[in-house]
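Single-structure report; data block below.
There are 2 protein chains.
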Amino acid sequence: MRNLKGKLDLCAINTATFGHREPLSCTIDRIARAGFGGVAPWRHEVEKANVAEIAKQIKALDLTVTGYCRSTYLPAATHAQFVANIDANKAALRDAATLGARCFVMVAGGLPEGSRDLSGARAQVRDGIAELLETARDCGVPLALEPLHPMYAADRAVLNTLAQALDICDALDPGRTGFLGVAVDVYHCWWDPALQASIASAGNAGRILAYHVCDWLRETRDLLLDRGMMGDGVVDLAAMRESVERAGYDGLVEVEIFSKENWWRRDPDEVLRICAERLQSVC
Amino acid sequence: MRNLKGKLDLCAINTATFGHREPLSCTIDRIARAGFGGVAPWRHEVEKANVAEIAKQIKALDLTVTGYCRSTYLPAATHAQFVANIDANKAALRDAATLGARCFVMVAGGLPEGSRDLSGARAQVRDGIAELLETARDCGVPLALEPLHPMYAADRAVLNTLAQALDICDALDPGRTGFLGVAVDVYHCWWDPALQASIASAGNAGRILAYHVCDWLRETRDLLLDRGMMGDGVVDLAAMRESVERAGYDGLVEVEIFSKENWWRRDPDEVLRICAERLQSVC
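Just so you know, the protein sequences line up as chains F and Z, in that order.
Residue 386 in this note's numbering sits at position 196 of the first sequence; the count goes up by one each step and never skips.
Residue 375 in this note's numbering sits at position 185 of the second sequence; the count goes up by one each step and never skips.
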């Protein structure tokens, strides 16, 4: 396992970690100034700014874009809406290419409003990814399927385990072209009894495109916005990174913390300082 | 699939559905008066009362005890505590026998306070179940392992999928004695991509000991106490019961709703009336 001590260049910050309180360009400057090697920006931030200028700034600061967050949800109640979702993702993939992103983070989307058809929504996700794969190749930006914790199956992602994401990868990209893989986020998959097997299998196929860290708090008070800082929760982060790196992952370690009542209220530079400490001690 | 219309004798109520606001004997009377065929009481209610008298009341009302809720959590920080947990479960199994319960519902327990050793906690669960199996046989009460939703992995149950529970059953009870199986609760497992396969496999082995219904609300506001009434959420309950019955389950359909802000505030007889309606229309 790599030693992260003194190696913040191997670490990245997802901008959601600050709660989107300032313009993206300020956040990018902060992250670079603190010595991190990478950044993962969000579409609503990039789309509010000028993508070419953001790309130029990131390049000048020599930051890696570990991932571009994130896809428009795929499942839709109507075919027209499904097509619109695909088109929005194609446009985002072109921006991801401009940014030089290592991957486009795919959060599948939940059940269409009013639907109880889980397998239908899952089929739509698979169809949507199949349609996007060609654009991903054209843009030179791999699709990273991010299985979300099962508590988001209704409203955010019907893709809920690494095994499920890898089944889609194998079905749609049997040749392992490098343009379809997974994002492993400890928050979403730390509980999974099949996790070790899935990580090994993803690694063997060269499909681990991103690795996200934070922590699961024992007393989680909110389903979405109560993630913990690394070390404050129950996840054995060192063991997790060891698995991912043993499986061949050599990319950056990205911090992504949604925390409305705690980290999003703190000074961004303080958050960065603590992220740096924890990355070098408990991750 | 069985038709539940006019067949409330095939339906049971878990007493947690009322929020434990009145003595158990009143709740049992209400459930019987409303025409249900079964009840699933909780230990803290039974232990506050007299177990022999409760058993007598239930028998006089001709109610089936679909399950006795629930096990003392197994994983512990010390061996002495683990032994105490086993002993508490053995005592509860004897009460389950007195009540004539169809099964003893096993909620595994989460990580011991301060621990990040998920696989260690899972090993303790397996060891604990192995120790309890003999008592279960002696008492004539099967152990029903209830995998809990992954959002409870830290604090309530490190047993999180049916597949994981079935692996334990197969390892500890290869002879399929009838004393080790699973409780299938739609709230905990509706999202599972392997659900159909796991239900079929559980059914083939004769291991489905209980079937619990409620609903997953799209806008869930609390991790523990915001379950929905059947029909108010996203679960395809008819399809779910069809799978379970196709796999051979012929026991009662038990309603279990934790709902602090909604159903626990309503009049218990109103809750029972709506449970009856929904069981006969959407389940």
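Backbone N, C-alpha and C define an ideal beta-carbon position, used for all residues, glycine too.
None of these values were measured; they are calculated from a predicted model.
| request: Taking all protein chains shown into account, decide if Z:Gly196 is buried (16 or more other Cβ within 10 angstroms of its Cβ) or exposed. | output: exposed
| Across which residues does DSSP place F:Met296 in a beta bridge pair? | F:Leu335
| Beta-carbon neighbours of Z:Gln354, restricted to chain C and to distances below 7 Å | You won't find chain C in this structure, because its protein chains are F and Z.
| field | Unbroken stretches of the alpha helix (DSSP H), 4 residues or longer, contained in the region 342 to 406 of chain F | value | 352 to 362, 376 to 379, 385 to 394
| query | Do we get a CB-CB distance below 7 Å when we pair Z:Leu301 with the residues of chain F? | reply | Yes, Z:Leu301 lies at the interface with chain F (some Cβ there is under 7 Å from its Cβ).
| said: Please state whether the Cβ-Cβ distance between Z:Ala282 and Z:Arg233 is less than 7 Å. | reply: yes
| Alpha-carbon spacing of Z:Pro516 relative to F:Ala250, whole angstroms | Missing from the structure shown is residue 516 of chain Z; chain Z here goes from 191 to 473 and no further.
| Proximal residues to F:Ser391 (C-beta, below 7 Å), its chain only, five neighbours per side dropped | Counting only residues of its own chain and dropping the five nearest sequence neighbours on each side, F:Ser391 has a CB closer than 7 Å to the CB of Leu356.
| field | Test: Z:Met341 CB closer than 7 Å to a CB of chain F | value | yes
| task | Pull up the CB-CB distance for F:Val348 and F:Arg312, whole angstroms please, since I reckon it's below 8 Å. | result | 5 Å
| message | Our contact map puts F:Leu289 next to F:Val255 with C-beta atoms below 8 Å; I'd like the distance itself, whole angstroms only. | response | 5 Å
| Less than 7 Å separating the beta-carbons of F:Leu301 and F:Ala344? | yes
| query | Which ranges would you report for the beta strand (DSSP E) in the region 228 to 315 of chain F if only whole runs of at least 3 residues count? | reply | DSSP runs (the beta strand (DSSP E)) wholly in the region 228 to 315 of chain F: 228 to 230, 294 to 296.
| request: Count the other CB atoms, across all protein chains shown, that sit within 10 Å of the CB of F:Leu308; report buried if there are 16 or more and exposed otherwise. | output: Per the 10 Å Cβ criterion, buried.
| request: Report the neighbours of Z:Asp426 on chain F: residues whose CB is nearer than 8 Å to its CB, in chain order. | output: Simply Arg306, Asp307, Leu308.
| So is F:Val236 buried or exposed if we call it buried at 16+ other beta carbons inside 10 Å? | Buried is the call here.
| Under 9 Å by beta carbon: chain F residues contacting Z:Asp317 | Under the 9 Å cutoff, chain F gives no residues; its nearest Cβ is about 16 Å from Z:Asp317.
| message | Can you tell me where the alpha helix (DSSP H) holding F:Cys216 begins and where it ends? | response | Run containing F:Cys216: 214 to 223, per the alpha helix (DSSP H) assignment.
| task | Indicate whether the contact test is met: 3 or more Cβ pairs, each with one atom in the region 430 to 441 of chain F and one in the region 371 to 387 of chain Z, closer than 8 Å. | result | With a cut-off of 8 Å on Cβ pairs, the region 430 to 441 of chain F is not in contact with the region 371 to 387 of chain Z, counting fewer than three such pairs.
| message | Considering only their Cβ atoms, is the gap separating Z:Arg346 from Z:Leu338 smaller than 7 Å? | response | yes
| DSSP beta-bridge partners for Z:Val443? | Z:Cys201, Z:Tyr401
| Residue-level contact to chain F via CB, Z:Arg345, 7 Å cutoff | Strictly speaking, residue 345 of chain Z in this sequence is Asp, with Arg absent from that position. Yes, because at least one Cβ of chain F sits closer than 7 Å to the Cβ of Z:Asp345.
| message | I need the straight-line Cα distance from Z:Lys516 to Z:Gly421, nearest angstrom please. | response | As displayed, chain Z neither begins before 191 nor continues past 473, which places residue 516 of chain Z out of reach and without an answer.
| said: Does chain Z have any CB closer than 7 Å to the CB of F:Asn350? | reply: yes
| Pair within 7 Å by beta-carbon distance, F:Cys473 and F:Val403 | Note that the C-beta distance between F:Cys473 and F:Val403 is below 7 Å.
| said: Any beta carbon from chain F within less than 7 Å of Z:Trp406's own beta carbon? | reply: yes
| query | What are the partner residues of Z:Gly418, as DSSP defines its beta bridges? | reply | Z:Asp405
| task | Enumerate in chain order the residues of its own chain whose CB-to-CB distance from F:Arg211 is below 8 Å, with the five nearest sequence positions on each side excluded. | result | Trp454, Pro458
| Mind checking whether Z:Leu194 and Z:Gln470 have CB atoms under 7 Å apart? | yes
| message | Run through chain F and tell me which residues come within less than 8 Å of Z:Leu338, C-beta to C-beta. | response | Chain F residues near Z:Leu338: none, gap ~10 Å exceeds 8 Å.
| request: Express the C-alpha separation of Z:Thr410 and Z:Pro364 in angstroms, rounding to a whole number. | output: 39 Å
| Straight-line gap, F:Asn452 to F:Phe208 (C-alpha atoms, nearest Å) | F:Asn452 and F:Phe208: Cα-Cα distance of roughly 10 Å.
| message | I need the boundaries of the alpha helix (DSSP H) containing Z:His471, first residue and last residue. | response | Rather than His, the amino acid found at residue 471 of chain Z in this sequence is Ser. Here the alpha helix (DSSP H) through Z:Ser471 covers 458 to 471.
| field | Residues that Z:Leu413 contacts on chain F, provided the C-beta gap is smaller than 7 Å | value | Close partners of Z:Leu413 in chain F (Cβ separation under 7 Å): Thr410, Leu413.
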